[in-house]
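A.B. asks:
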Amino acid sequence: MTKPAEEIEKLCIDAFNNKDKKQALIYLEQCSEPSKIVTNFFRRTADCVGPRDILTISNVSLLHIAAKNNWPDVTSTLITEYHCNPEAINNRKSTPLHYAARYGSMETLKCLITKHNCNPMSLTRNKWTALHWAASTGQVNALRYLIEDCNCDPSLCDTKGHNLLHLACAGNHIEAARYLLQTGLIDPAFTCIWDCRPSEWGQSTSNGNTETIELLKYYEECRMNSPIDTYTQVFVLGNKGAGKSTLVKVLKIRSEANYDSYPSVSEDGNVTNVMLNTIGIVPENITSSEIGNMTVYDLSGDAEYHFSHSMIMKTATKAGLALFILVVDISQHIQAVKKQIYYWFNYLCTMCGTEILNVLIAGSHRDVLRDNDDDKASAIEALISKEYPQSKATFIPMDCRKVHSTEIIKISQKLLLNSLPSIQKSVNANYNCHALYSFLKSIQKCYCTLGQLSTMIGTSDKFLPHDENDLAELLAKLSVKGLILFLKKESNLCDSWVIINIKHFLNEVNGLLFSPKHDLSSISNIGLVPVSWIKSTFPEHSPLMLSDILHTLEVCQVIDNNNADASISDKCLFFPSFVPPGRPNSLPPHNEFGFVWHLECIHYSQFFPTQFCHMLILRLALKFPLKSIKSCSSPVSLQAVSRRCQMWKFGIHWKTDDYVEILVELSEDMQDVRVKIKWNEDSPQSIKAMMKLRSSIIKTIFCLHQEYCSSLEVGEFLEAPHASWDSANHHQFAMQDIVRSICLKKEGVLSSDTMGSKVERLDKILLHEPLVNLPQSILLKIFLCCNTDLLIEPDLLKQLNQSLMPHIAFTRQQTFSTVQSHIEKHSLFCERTIVQTVLEEHKEEIKLNIEEEQLLLDSPIKISGITYDPDDLPNGPLDSSHFLIIVKFLKNLNDWFELGIRLDLKHASLLKIENDFRRQERCKIEMIQLWLDGSDASKSSLMEALKDLA
Ligand SMILES: Nc1nc2c(ncn2[C@@H]2O[C@H](COP(=O)(O)OP(=O)(O)OP(=O)(O)O)[C@@H](O)[C@H]2O)c(=O)[nH]1
Ligand SMILES: [Mg+2]
1 MTKPAEEIEK LCIDAFNNKD KKQALIYLEQ CSEPSKIVTN FFRRTADCVG
51 PRDILTISNV SLLHIAAKNN WPDVTSTLIT EYHCNPEAIN NRKSTPLHYA
101 ARYGSMETLK CLITKHNCNP MSLTRNKWTA LHWAASTGQV NALRYLIEDC
151 NCDPSLCDTK GHNLLHLACA GNHIEAARYL LQTGLIDPAF TCIWDCRPSE
201 WGQSTSNGNT ETIELLKYYE ECRMNSPIDT YTQVFVLGNK GAGKSTLVKV
251 LKIRSEANYD SYPSVSEDGN VTNVMLNTIG IVPENITSSE IGNMTVYDLS
301 GDAEYHFSHS MIMKTATKAG LALFILVVDI SQHIQAVKKQ IYYWFNYLCT
351 MCGTEILNVL IAGSHRDVLR DNDDDKASAI EALISKEYPQ SKATFIPMDC
401 RKVHSTEIIK ISQKLLLNSL PSIQKSVNAN YNCHALYSFL KSIQKCYCTL
451 GQLSTMIGTS DKFLPHDEND LAELLAKLSV KGLILFLKKE SNLCDSWVII
501 NIKHFLNEVN GLLFSPKHDL SSISNIGLVP VSWIKSTFPE HSPLMLSDIL
551 HTLEVCQVID NNNADASISD KCLFFPSFVP PGRPNSLPPH NEFGFVWHLE
601 CIHYSQFFPT QFCHMLILRL ALKFPLKSIK SCSSPVSLQA VSRRCQMWKF
651 GIHWKTDDYV EILVELSEDM QDVRVKIKWN EDSPQSIKAM MKLRSSIIKT
701 IFCLHQEYCS SLEVGEFLEA PHASWDSANH HQFAMQDIVR SICLKKEGVL
751 SSDTMGSKVE RLDKILLHEP LVNLPQSILL KIFLCCNTDL LIEPDLLKQL
801 NQSLMPHIAF TRQQTFSTVQ SHIEKHSLFC ERTIVQTVLE EHKEEIKLNI
851 EEEQLLLDSP IKISGITYDP DDLPNGPLDS SHFLIIVKFL KNLNDWFELG
901 IRLDLKHASL LKIENDFRRQ ERCKIEMIQL WLDGSDASKS SLMEALKDLA
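Residue numbers (the UniProt record's numbering): 1 to 950.
Next up, the structure:
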């Protein structure tokens with residue numbers, strides 16, 4: 001019969017008083033409010049007897065008891081009021097924390113760690129942590145708290161080499177085992193000092209409870225059958241016919257047992273039966289003791305695939321773990337070899353950033369080199385180490401066909417070595433990856449969505465996570481290994497595609513979808529393909545899946561005709577890679593364009609990558625000429641678009657309703673993007689439209705540069721409008737100089753041609769640019785102060801309007817921010833740091849100019865009945881380029897000698913002029929020249945001097 005609560009409390013206190021500790025604790029554990037007794041008892045006895053002494057029974061302190069029974073209050077009281085050691089140990093070096101974990105006393109566990117700073121990783125004599133205790137008793141909550149909230153390392157083993165799974169399995173704690181496996185942090189195949197894996201250990205210790213053992217065995221099998229963490233992705237790239245497929249086949253043959261007698265090796269040790277002219281991408285799984293486990297992608301060297309390949313590689317190499325073999329045919333002329341190396345490094349750098357490590361360069365066809373070509377290999381090697389020192393590239397000249405050469409062994413060794421970092425990185429690969437990969441293989445599908453996969457897992461008997469986020473994480477890991485292709489859709493995770501059988505998928509659609517071999521011009525000549533074409537060409541695949549995959553890879557864009565009811569079949573896909581290669585003959589000649597702008601690669605070995613070119617055409621087409629198409633599936637509307645817009649491999653040309661004609665193209669060497677615009681100068685509408693288009697197109701180009709090749713150093717230039725294309729008259733002006741001239745209000749800009757130093761007036765180079773005549777005060781406010789809601793003063797507005805006349809002037813008062821956004825739409829420079837930098841650099845100078853401007857704003861000066869209006873002079877400093885303007889300005893002034901004195905010219909110099917030239921007019925001209933040649937000539941100094949004369 002149970003005793004009433006009061007009686008137990010009394011018996012407990014009596015036992016304490018009689019120093020019968022054992023009995024006291026038995027009663028204490030039965031009390032409903034143990035903390036009350038502990039507090040009361042100690043309060044009475046603390047003076048004479050130490051609590052630790054009283055409450056240590058068989059080496060267990062009262063704190064241990066409190067932890068075991070989950071008495072957080074007692075625990076806190078003992079520690080804070082009676083100074084008990086929170087990390088007191090018993091004879092096995094177990095602390096109260098270990099007790100709390102072992103018995104799942106969650107409140108006390110948290111209290112000990114968070115409030116009393118106990119070390120959650122403290123060890124017992126057997127090197128057990130709190131985690132080991134929790135695993136051995138199946139306390140899932142304690143495991144979860146210690147791993148997830150306290151970041152405890154669950155991979156530690158005890159003195160017998162047991163990990164947490166050994167302990168969970170021995171106790172048949174299935175939930176704990178499942179949780180531990182799901183963390184992916186503990187190896188289910190780890191063996192203890194008796195060579196036992198957790199499942200075997202469980203078998204030897206359990207009493208016929210096999211549930212946990214079965215679970216672990218399943219994981220072990222998955223891992224054994226799919227050693228995914230040892231896989232590395234290798235991309236083999238290079239020009240057509242370089243020897244890529246040959247090299248891949250040699251590696252594959254070497255991975256076979258008894259490859260000496262392999263049917264594809266000829267008597268002289270050369271590989272035979274290589275499939276020539278690879279189409280698209282051919283993945284190959286190679287497993288050998290020589291190179292480890294690799295997914296090798298043999299890429300076609302055909303240029304038309306380079307774009308789609310880079311998109312696939314970009315997706316696959318996001319984690320930066322892939323290796324690259326570049327095959328270069330070194331039997332070609334050295335210039336051709338160099339060109340190939342530049343091209344492919346450029347390709348890799350723009351795809352993976354400049355930090356590409358470990359590129360292996362196989363210099364194929366070494367056997368074809370003549371004796372006197374010996375220096376060629378060393379020249380190539382020198383070139384690589386000079387141009388790409390950061391790439392750690394290894395160059396191996398070889399005959400790719402030889403199955404037994406020392407070079408192929410060297411390549412294999414290098415591959416193995418280079419794959420180690422990526423393998424090491426994945427040692428901690430989530431063990432669920434193995435199980436998931438096994439599961440994916442078992443469902444025998446080519447592809448599915450993440451949502452479908454989650455449902456399949458949910459209805460299976462496997463212990464896999466089927467939460468979408470967890471699944472996405474696992475799939476991404478498998479994708480990095482090249483075992484599947486996971487195309488994550490951030491906006492709707494459920495609809496992300498999982499390509500389970502890449503090989504099958506690529507074999508079926510690769511050649512056709514990523515670069516169609518057959519003529520599509522009957523469908524459209526601007527890269528538009530109706531989804532119905534995809535449907536009929538690939539009847540076995542879902543058109544939604546195909547278009548989605550291509551869209552995700554940015555190989556094409558789905559054109560949405562803004563019709564919510566439209567099914568995918570009514571839609572159209574735009575493939576930049578499908579546009580015809582040839583430049584149309586009907587384009588306007590160069591000198592018809594009033595605006596010609598270039599973005600050029602500065603470094604000779606760099607050029608815009610194919611991705612950039614494709615995306616340029618894609619983005620511009622969708623933003624401008626194709627923007628308005630409503631229904632693209634009907635051939636009639638496709639033809640209508642085709643009439644207004646032409647596209648080819650390197651460019652796009654279109655006309656607008658405002659008589660604006662735009663041509664954007666890349667030069668054939670891919671080092672120069674040009675934007676040319678033609679408009680109707682008699683139509684204000686056309687001029688306005690041109691201004692807007694110009695700024696928007698250039699913004700788009702800069703965005704693409706950032707996205708696809710930000711490491712490329714580029715320079716920006718303008719050509720004089722309507723110039724002919726012959727080299728004698730061909731002058732281009734660096735944008736930097738133009739901006740400097742605009743900001744400092746200098747009129748002329750120096751041509752950047754190395755040939756000459758042609759000075760051209762700014763307003764002749766850049767037509768209809770609002771910034772050209774913008775007063776500096778407004779320029780400063782727009783670029784440096786931004787977004788002020790202050791109204792522009794009437795005087796400034798007058799000046800502003802003068803500079804914006806006639807097309808985009810304001811009719812009434814404006815705030816700075818409205819002016820800013822208005823100019824932004826029409827200027828070539830808004831939002832551009834280049835202007836900001838120049839303004840910052842010359843801020844003080846510009847401020848002085850503005851002060852001068854203010855001073856002189858309203859004060860024309862009259863001398864002998866003639867008015868000298870400062871508005872007739874250019875602002876700021878003057879030099880010899882202003883000679884004619886000044887001569888005209890001072891046309892009616894007679895007293896040149898006096899003016900010279902006021903302009904601070906030397907008396908002696910003026911006398912010399914008088915002596916040498918005598919005629920008044922001539923002397924005045926010489927004086928002006930002398931003044932302009934000096935360093936102080938400016939509008940303000942001239943106006944000051946005239947003021948003195950008046
Ligand atoms: N002499 C010699 N011939 C080679 C060497 N490497 C490849 N070849 C030959 O060059 C031809 C083209 O080789 P492939 O391996 O098909 O070239 P690829 O780089 O795969 O070409 P694509 O798939 O078209 O991009 C084959 O006939 C090979 O036998 C080499 O090192 N020496
Ligand atoms: Mg090939």
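Yeah, the Cβ is synthetic: ideal placement off N, Cα and C, and Gly gets one too.
Using only the heavy atoms of ligand 2, determine whether one of them is closer than 6 Å to the beta carbon of threonine 278.
C.D. replies: Yes; taking the cut-off as 6 Å, the Cβ of threonine 278 has a heavy atom of ligand 2 nearer than that.
A.B. asks: Kindly give me the distance between the Cβ atoms of leucine 712 and isoleucine 742, rounded to whole angstroms, as I take these residues to be in contact under 8 Å.
C.D. replies: With 8 Å as the limit, leucine 712 and isoleucine 742 do not qualify as a contact, their Cβ atoms being about 26 Å apart.
A.B. asks: Measuring straight from C-alpha to C-alpha, what distance separates proline 530 and methionine 691?
C.D. replies: Computed Cα separation, rounded: 34 Å.
A.B. asks: Can asparagine 418 and asparagine 358 be called in contact, C-beta distance under 7 Å?
C.D. replies: Contact flag set, yes.
A.B. asks: Measuring alpha carbon to alpha carbon, tell me which of Arg144, Pro154, Trp597 ends up nearest histidine 132.
C.D. replies: Of Arg144, Pro154, Trp597, the residue nearest in Cα terms is Pro154.
A.B. asks: Which whole runs of the beta strand (DSSP E) in the region 566-596 are 3 residues long or more, in chain order?
C.D. replies: The region 566-596 contains these whole beta strand (DSSP E) runs: 572-574.
A.B. asks: Are the CB atoms of isoleucine 174 and threonine 210 within a distance shorter than 7 Å?
C.D. replies: The answer is no: Cβ separation not under 7 Å.
A.B. asks: Just to confirm before moving on: does the CB-CB distance between leucine 620 and valine 579 stay below 7 Å?
C.D. replies: Going by C-beta atoms, leucine 620 is not nearer than 7 Å to valine 579.
A.B. asks: Thinking just about the alpha-carbon of each residue, which of Phe538, Phe190, Leu165 is nearest to the one in tyrosine 179?
C.D. replies: The candidate whose alpha carbon is nearest that of tyrosine 179 is Leu165.
A.B. asks: Can you name the start and end residues of the beta strand (DSSP E) that glutamine 233 belongs to?
C.D. replies: Looking at the DSSP string, the run of the beta strand (DSSP E) that includes glutamine 233 is 231-238.
A.B. asks: May I ask whether a heavy atom of ligand 1 can be found less than 6 Å away from the beta carbon of histidine 365?
C.D. replies: Yes, ligand 1 has a heavy atom inside 6 Å of this Cβ.
A.B. asks: Check whether the Cβ of lysine 244 lies closer than 6 Å to any heavy atom of ligand 2, and answer yes or no.
C.D. replies: Yes, since a heavy atom of ligand 2 falls inside the 6 Å radius drawn around the Cβ of lysine 244.
A.B. asks: CB-CB under 8 Å to aspartate 948, same chain, minus the five flanking residues each way: which ones, in chain order?
C.D. replies: Correct list, in chain order: Arg902.
A.B. asks: Looking only at DSSP bridge pairs, what is methionine 121 linked to?
C.D. replies: According to DSSP, which records beta bridges pairwise, methionine 121 is partnered with nothing at all.
A.B. asks: Leaving out five residues on either side along the sequence, give the residues of the same chain with a beta carbon under 8 Å from the beta carbon of asparagine 469.
C.D. replies: The residues are Leu493.
A.B. asks: Under three-state DSSP, which class holds glutamate 290?
C.D. replies: It is coil, neither helix nor strand.
A.B. asks: With distances taken Cα to Cα, identify the nearest neighbour of cysteine 680 among Gly594, Leu146, Gln23, Phe324.
C.D. replies: Per the sequence shown, residue 680 should be read as asparagine rather than cysteine. Nearest option by C-alpha distance: Gly594.
A.B. asks: Exposed or buried, what is proline 4 when buried is set at 16 or more other beta-carbons lying within 10 Å of its beta-carbon?
C.D. replies: Exposed, because fewer than 16 other Cβ atoms sit within 10 Å of the Cβ of proline 4.
A.B. asks: List the endpoints of the continuous alpha helix (DSSP H) containing glutamate 898.
C.D. replies: Segment 896-902, the alpha helix (DSSP H) holding glutamate 898.
A.B. asks: Tell me which same chain residues have a C-beta within less than 6 Å of the C-beta of isoleucine 697, skipping the five on either side of it?
C.D. replies: Taken in chain order, the residues that qualify are Val675.
A.B. asks: If you draw a straight line from the C-alpha of cysteine 632 to the C-alpha of histidine 722, how long is it?
C.D. replies: Below a pLDDT of 50, predicted positions are generally treated as unreliable, and cysteine 632, at 49, falls in that range; no measurement from the model is reported.
A.B. asks: Alpha carbon to alpha carbon, what distance is there between isoleucine 866 and leucine 911?
C.D. replies: Distance between the alpha carbons of leucine 911 and isoleucine 866: 26 Å.
A.B. asks: Work out the CA separation of proline 589 and isoleucine 677 for me, nearest whole Å.
C.D. replies: Cα to Cα, the separation comes out at about 11 Å.
A.B. asks: Grab the span of the alpha helix (DSSP H) containing isoleucine 823 for me, first residue to last.
C.D. replies: It spans 816-826 - the alpha helix (DSSP H) in which isoleucine 823 sits, taken as one unbroken run.
A.B. asks: Thinking just about the alpha-carbon of each residue, which of Asp669, Ala908, Lys891 is nearest to the one in lysine 339?
C.D. replies: Looking at the Cα atoms, Asp669 is the closest of the given residues.
A.B. asks: Would you call the region 231-240 in contact with the region 435-452, where contact means no fewer than 3 C-beta pairs closer than 8 Å?
C.D. replies: Contact fails: fewer than three Cβ-Cβ distances are below 8 Å.
A.B. asks: Is any non-hydrogen atom of ligand 1 found closer than 6 Å to the C-beta of serine 300, if you look at the structure I gave you?
C.D. replies: Yes, the beta carbon of serine 300 sits closer than 6 Å to at least one heavy atom of ligand 1.
A.B. asks: Under 6 Å Cβ to Cβ from aspartate 399, same chain only, skipping five residues before and after it: list those, please.
C.D. replies: Result list for aspartate 399: Arg366, Asp367, in chain order.
A.B. asks: Ligand 1 and glycine 241: does any heavy atom of the ligand fall closer than 6 Å to the residue's C-beta?
C.D. replies: At least one heavy atom of ligand 1 is nearer than 6 Å to the Cβ of glycine 241, so yes.
A.B. asks: Does DSSP classify isoleucine 500 as helix, strand or coil?
C.D. replies: Here isoleucine 500 sits in coil by DSSP.
A.B. asks: If you run the structure through DSSP and keep just helix, strand and coil, what is alanine 734?
C.D. replies: Alanine 734: strand per DSSP, three-state reduction.
A.B. asks: Between which two residues does the beta strand (DSSP E) containing arginine 761 stretch?
C.D. replies: Its beta strand (DSSP E) spans residues 759-761.
A.B. asks: Using C-beta distances below 7 Å, list every residue in its chain close to aspartate 73, excluding the 5 sequence neighbours before and after it, in chain order.
C.D. replies: Excluding residues within five positions, the ones whose Cβ falls inside 7 Å are Ser35.
A.B. asks: Can the beta-carbon of glycine 243 be found less than 7 Å from the beta-carbon of valine 327?
C.D. replies: Contact: yes.
A.B. asks: From glutamate 221 to cysteine 645, what distance separates their C-alpha atoms?
C.D. replies: In a straight line, the C-alpha of glutamate 221 is about 59 Å away from that of cysteine 645.
A.B. asks: Between methionine 311 and glutamate 707, how many whole angstroms is the CB-CB distance? I'm expecting something under 8 Å.
C.D. replies: Their Cβ separation, rounded to whole angstroms, is 13 Å, which puts methionine 311 and glutamate 707 out of contact at 8 Å.
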